[in-house]
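S.K.:
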Amino acid sequence: MSVSRPSAQSASTRTDVASQVFTIPNLISFVRLLGVPLFLYLFLVHRADIAALLVLAVGGTSDWVDGFVARRIRQVSRLGELLDPLADRLYILATLLAFTAREVMPWQFTVALLSREVLLAGCLVVLRRFGYGPPQVHYVGKTATFVLLAAFPILLLSAVLGFTTAATVAAAVGWGLAWWGLVLYWIAGLLYVRQAAALVRAAGAETERA
């Protein structure tokens, strides 16, 4: 059985799509990015907690939509591969800082999450010195991000509900997800560090052979 080779035209089409900016998945990512300052304004300035909750719930937990659409309609682009994780990180960062400012979340939890981001930032600096880009996204990291972005709206809901039984239940669910997400976030971070270390060792070995 012979395996058909992709034609030059189809390869050119994939390259064109990969370099496009205004694709449907990218537009979804742009809309998600606009939700970050909107959430901060509603939550910190206007103190419209219910509206902020809706923005956070839609913008944060829809992180899978742009990637799904990109694969479904075959519009995977390099910009989209950058925008998707950027939007996720901005939602996490903005929510952490906003929640800490209004005492929805203790500062210790925020420090624990941000410390992982500092660790990865250091890894990226080292990788760039050796000519490498960011390490491949791991499924553990994707799961951790999804769990955290699901936990944040539930925690905000518990604060909105006040001193009620429903608030207690929401807080229990939200913090359960948050702590689970924190553990997975650090596991993913350590996996990224291991990937970075392997690349650096490979680069060192290549330099020695040269």
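Quick note on numbering that gives the first Met the number 0: the sequence shown kicks off at 0 and runs consecutively.
Idealized CB from N, CA, C, for every residue including glycine.
1. Under 8 Å between the Cβ atoms of H137 and Y184?
2. Judging by CA-CA distance, which residue of I153, L176, W178, G175 is the nearest neighbour of A166?
3. So, at 6 Å on beta carbons, what are the nonlocal neighbours of L126 in its own chain, with the 5 sequence-adjacent residues on each side left out?
4. According to DSSP, is T163 part of a helix, a strand, or is it coil?
5. Looking at C-alpha atoms only, which residue of A56, V182, F145, P24 is the closest neighbour of L155?
6. For A47, which of helix, strand or coil comes out of DSSP?
7. Look at the alpha carbon of V182 and the alpha carbon of A143, and state the distance between them as a whole number of angstroms.
8. Assuming A47 contacts L41 under a Cβ cut-off of 8 Å, what Cβ separation, rounded to an integer in Å, is found between them?
9. To the nearest angstrom, report how far apart A150 and E205 are at their CA atoms.
10. Flag this pair as yes or no: are the beta carbons of W179 and V146 separated by less than 8 Å?
11. So, with DSSP's three-state summary, where would you put I72?
12. Determine the burial state of A120: buried for a count of at least 16 other Cβ atoms within 10 Å of its Cβ, exposed for fewer.
13. Candidates G58, L148, F162, P134: which alpha carbon is nearest F197's?
M.R.: On the basis of the data shown:
1. No.
2. Minimum Cα distance to A166 is reached at I153.
3. Correct list, in chain order: A195.
4. The answer is coil: DSSP assigns T163 none of H, G, I, E or B.
5. Comparing Cα-Cα distances from L155 to each of A56, V182, F145, P24, the minimum goes to A56.
6. Note: A47 maps to coil in three-state DSSP.
7. Each residue's alpha carbon lies about 8 Å from the other.
8. Indeed, because the Cβ distance is near 5 Å, the residues count as touching under 8 Å.
9. Cα-Cα distance, rounded: 44 Å.
10. Here W179 is near V146, since their CB atoms are less than 8 Å apart.
11. In the structure shown, I72 sits in coil (DSSP, three-state: anything other than H, G, I, E or B).
12. The residue is exposed, with fewer than 16 neighbouring Cβ atoms inside 10 Å.
13. Per the sequence shown, the amino acid found at residue 197 is Ala instead of Phe. It is P134.
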